[in-house]
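Please read the structure below before turning to the comments.
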Amino acid sequence: MLPVLIDFFTNNWLGRALVILAECLAVTVPLLVAVAYMTYVDRKVWASIQLRRGPNVVGPFGLLQPFADGLKLMLKETIVPSSANSVLFIIAPMITFLTALIAWAVVPFGDGVVIANINVGILYLFAISSLGVYGVIIAGWASNSKYAFLGALRSAAQMVSYEVSIGFVLITVLLCAGSLNLSKVVLAQSGGFWHWYCLPLLPMFVIYFVSSLAETNRTPFDLPMSEAELVQGFQTEYSSMPFALFFLGEYANMILLSALGAVLFLGGWMAPLPFLPSNAAWGVFWFASKIAFLLFVFSWTKGTLPRYRYDQLMRLGWKVFLPVSLAYVVLTAAVLQFGGWVPKS
Amino acid sequence: MILQALAFYVFAAVTMASGAMVVVSRNPVYSVLFLILAFFNAAGLFVLIGAEFVAMILVIVYVGAVAVLFLFVVMMLDINITKLKEGFLEYLPVGALVAIVLALEIMFGLGVFGSTPGTVMTLGQHGAKVAAVENTRAIGQVLYTQYFYLFQVAGAVLLVAMIGAIVLTLRSRPGVRRQKVGEQLYRSKADAISVVKVTTRGGV
Chain D
65 MLPVLIDFFT NNWLGRALVI LAECLAVTVP LLVAVAYMTY VDRKVWASIQ
115 LRRGPNVVGP FGLLQPFADG LKLMLKETIV PSSANSVLFI IAPMITFLTA
165 LIAWAVVPFG DGVVIANINV GILYLFAISS LGVYGVIIAG WASNSKYAFL
215 GALRSAAQMV SYEVSIGFVL ITVLLCAGSL NLSKVVLAQS GGFWHWYCLP
265 LLPMFVIYFV SSLAETNRTP FDLPMSEAEL VQGFQTEYSS MPFALFFLGE
315 YANMILLSAL GAVLFLGGWM APLPFLPSNA AWGVFWFASK IAFLLFVFSW
365 TKGTLPRYRY DQLMRLGWKV FLPVSLAYVV LTAAVLQFGG WVPKS
Chain W
542 MILQALAFYV FAAVTMASGA MVVVSRNPVY SVLFLILAFF NAAGLFVLIG
592 AEFVAMILVI VYVGAVAVLF LFVVMMLDIN ITKLKEGFLE YLPVGALVAI
642 VLALEIMFGL GVFGSTPGTV MTLGQHGAKV AAVENTRAIG QVLYTQYFYL
692 FQVAGAVLLV AMIGAIVLTL RSRPGVRRQK VGEQLYRSKA DAISVVKVTT
742 RGGV
């Protein structure tokens with residue numbers, strides 16, 4: 065019986081399709097639960113910063129609050145403004161949500177625990193994260209509202225600007241690792257936390273983190289939805305499930321960028337000390353705790369910093385991050401070349 | 542193999558259809574969105590022939606950057622749609638001419654009119670090479686050795702284009718008060734505050 069089953073799942077195309085489907089579900093379902101609880105953690109962290117209690121009524125310690133919120137959003141009426149472009153208006157939140165999900169296909173959760181171990185993993189992630197802007201810009205245009213449109217324009221300009229420096233950050237990491245494969249990037253950082261790239265590439269880690277705040281439209285870069293000027297930016301006209309999809313997509317994007325940060329700079333699934341186990345099961349644990357740490361920093365920043373002015377945001381992206389990251393690429397390449405540390409393939 | 546063939550036909554069909562829709566659709570915003578769909582499916586086709594590096598670069602550069610700026614501009618235009626479509630038949634001969642020239646160039650490159658030195662490899666040879674070396678590495682090996690000067694020239698052309706664009710749009714406006722972050726940061730107490738002993742009934 066067992067050999068027949070193994071044969072079915074490895075050789076039959078239907079069996080392989082079923083395996084791929086199961087793998088996708090095994091990533092997506094925990095991710096959605098993580099997104100739900102990220103909203104909870106976010107609110108708890110802000111509450112602690114402001115000396116409040118945060119959600120504590122629904123369920124023990126307010127743990128069921130995300131599900132109550134989700135249920136409330138689902139039961140609300142979906143409103144499509146009469147002058148909106150209804151097809152694009154509905155498609156836009158789907159694009160945001162989908163791009164946040166499909167990127168997870170290449171993220172390695174542990175040694176060999178990855179859906180698609182492709183050779184251009186970093187480029188794939190970079191490509192998918194650059195698609196997220198379409199959800200925002202289409203939503204802004206399709207809403208046919210000035211607030212939504214201005215928010216979308218701001219967001220598009222902001223995301224395109226900060227992608228440039230993220231690109232240079234990725235180049236420095238792949239110069240050090242010698243591969244575009246995310247699993248190989250993690251393996252290149254094996255052997256204790258002093259081998260992680262966050263130490264030699266510390267400036268790039270900072271630039272990466274700040275740029276990922278800008279990419280996900282989080283404070284201090286939440287200009288696209290700054291409520292004082294633009295109501296709620298590109299989300300102004302959205303309600304019910306389309307709004308929920310935007311919300312989920314944004315949080316999934318945050319978790320994704322944290323995961324990428326953990327893979328590139330914090331050694332992915334590797335244990336912080338070399339004698340600790342980093343096999344498949346423990347690897348998932350280490351990886352999750354690194355993501356959780358970066359997500360905490362996300363909430364911490366939001367609870368602490370005021371919003372940037374738009375010209376300051378553009379100045380930071382183009383006049384500070386771009387030259388610094390470009391110089392660091394040249395520096396890293398020079399050090400690797402003349403120090404004899406160029407990774408062998 | 543069945544799945545790959547199926548994927549090929551889906552990608553190819555959507556590419557062709559959305560390419561046609563770019564030209565046909567009435568609203569310019571729809572045209573740009575169909576263009577993005579066409580780019581995306583072309584990337585899928587590249588993945589199918591094993592050129593994953595080119596596929597990813599296509600998505601990053603064209604879908605992620607160029608088309609965003611395209612969409613950005615088109616959305617802000619206030620266009621009279623019916624007027625825009627009037628000249629469709631007028632421009633048809635010119636468009637057809639461009640299409641024919643491009644098709645001829647592709648056929649020339651593929652060696653339909655007899656092979657020329659330095660033409661592209663046929664698909665069979667290409668596949669064999671890809672299987673041997675990792676895609677990105679293969680490109681890097683020829684780009685920085687065999688085609689080094691061409692690569693540098695391409696970079697120089699892009700630099701000139703960029704400087705040209707900046708020169709065209711740069712204008713100096715008098716009377717603009719800019720924030721000078723450096724000056725703000727290097728201000729010290731000494732040159733910001735002066736303590737004055739004010740004499741009684743004398744004023745400052």
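From first to last, the protein sequence lines stand for chains D and W. Counting from 65, one number per residue, gives the positions in the first sequence under my numbering. Counting from 542, one number per residue, gives the positions in the second sequence under my numbering. C-beta atoms are modelled at their ideal positions from N, C-alpha and C, and glycine is treated no differently. Treat the numbers as computed from the prediction; the structure is a model and nothing was measured.
Would residue i and residue j qualify as a contact pair, given that the criterion is a beta-carbon distance under 9 Å?
i, j, result
"residue 221 (chain D)", "residue 212 (chain D)", "no"
"residue 281 (chain D)", "residue 175 (chain D)", "no"
"residue 104 (chain D)", "residue 79 (chain D)", "no"
"residue 325 (chain D)", "residue 392 (chain D)", "no"
"residue 265 (chain D)", "residue 236 (chain D)", "yes"
"residue 75 (chain D)", "residue 145 (chain D)", "no"
"residue 238 (chain D)", "residue 244 (chain D)", "yes"
"residue 503 (chain W)", "residue 555 (chain W)", "Here chain W has residues from 542 to 745 only, and residue 503 (chain W) is not among them."
"residue 581 (chain W)", "residue 184 (chain D)", "no"
"residue 310 (chain D)", "residue 299 (chain D)", "yes"
"residue 599 (chain W)", "residue 549 (chain W)", "no"
"residue 189 (chain D)", "residue 95 (chain D)", "no"
"residue 172 (chain D)", "residue 85 (chain D)", "no"
"residue 201 (chain D)", "residue 216 (chain D)", "yes"
"residue 170 (chain D)", "residue 347 (chain D)", "no"
"residue 408 (chain D)", "residue 242 (chain D)", "yes"
"residue 577 (chain W)", "residue 604 (chain W)", "yes"
"residue 318 (chain D)", "residue 253 (chain D)", "no"
"residue 276 (chain D)", "residue 381 (chain D)", "no"
"residue 717 (chain W)", "residue 205 (chain D)", "no"
"residue 158 (chain D)", "residue 359 (chain D)", "no"
"residue 179 (chain D)", "residue 91 (chain D)", "yes"
Name the chain W residues that come within less than 9 Å of residue i, Cβ to Cβ?
i, result
"residue 191 (chain D)", "584, 596, 597, 598, 599, 600, 601, 604, 605"
"residue 224 (chain D)", "605, 606, 609, 610, 613"
"residue 205 (chain D)", "570, 612, 616"
Listing by chain order, which chain D residues have their CB less than 7 Å from the CB of residue i?
i, result
"residue 675 (chain W)", "183"
Can you name the residues of chain W whose CB is closer than 8 Å to the CB of residue i?
i, result
"residue 201 (chain D)", "609, 612, 613, 616"
Closer than 8 Å by beta-carbon distance: list the chain D residues that pair up with residue i, in chain order.
i, result
"residue 543 (chain W)", "77"
With DSSP as the reference, identify every bridge partner of residue i, one or two as the case may be.
i, result
"residue 174 (chain D)", "D:177"
Where does residue i sit, in a helix, a strand or coil, going by DSSP?
i, result
"residue 275 (chain D)", "helix"
"residue 664 (chain W)", "Interpretation of residue 664 (chain W) is limited by its pLDDT of 44, a score under 50 that renders its predicted location unreliable; the figure taken from the coordinates is listed afterwards. Correct three-state label for residue 664 (chain W): helix."
"residue 680 (chain W)", "helix"
"residue 257 (chain D)", "helix"
"residue 243 (chain D)", "coil"
"residue 348 (chain D)", "helix"
"residue 319 (chain D)", "helix"
"residue 550 (chain W)", "helix"
"residue 333 (chain D)", "coil"
"residue 379 (chain D)", "helix"
"residue 650 (chain W)", "helix"
"residue 124 (chain D)", "helix"
"residue 629 (chain W)", "helix"
"residue 92 (chain D)", "helix"
"residue 738 (chain W)", "coil"
"residue 156 (chain D)", "helix"
"residue 590 (chain W)", "coil"
"residue 675 (chain W)", "coil"
Taking C-beta pairs closer than 7 Å, name the residues in chain W that residue i reaches, listed in chain order.
i, result
"residue 340 (chain D)", "Result: empty, since nearest Cβ-Cβ is about 32 Å, beyond 7 Å."
"residue 195 (chain D)", "604, 605"
"residue 220 (chain D)", "609, 613"
Against chain A, with Cβ distances strictly below 9 Å, would residue i count as a contact?
i, result
"residue 590 (chain W)", "Absent from the structure is chain A; the protein chains it does hold are D and W."
### Task
Scan the segment 177 to 188 of chain D for residues whose Cβ lies nearer than 7 Å to a Cβ of chain W and list them as they occur along the chain.
182, 183, 184, 187, 188
### Task
May I ask you to list, following chain order, the residues of the segment 558 to 572 of chain W that have a beta carbon less than 8 Å from some beta carbon of chain D?
570
#### Entry: Members of the segment 235 to 251 of chain D that neighbour chain W once the beta carbon cut-off is set at 7 Å
244
### Query
Got a sec: which bits of the segment 629 to 645 of chain W sit with their beta carbon under 9 Å from any beta carbon on chain D, in order along the chain?
none
### Task
Taking only beta carbons into account, state which residues of the segment 700 to 728 of chain W come closer than 8 Å to chain D, listed in chain order.
720, 722
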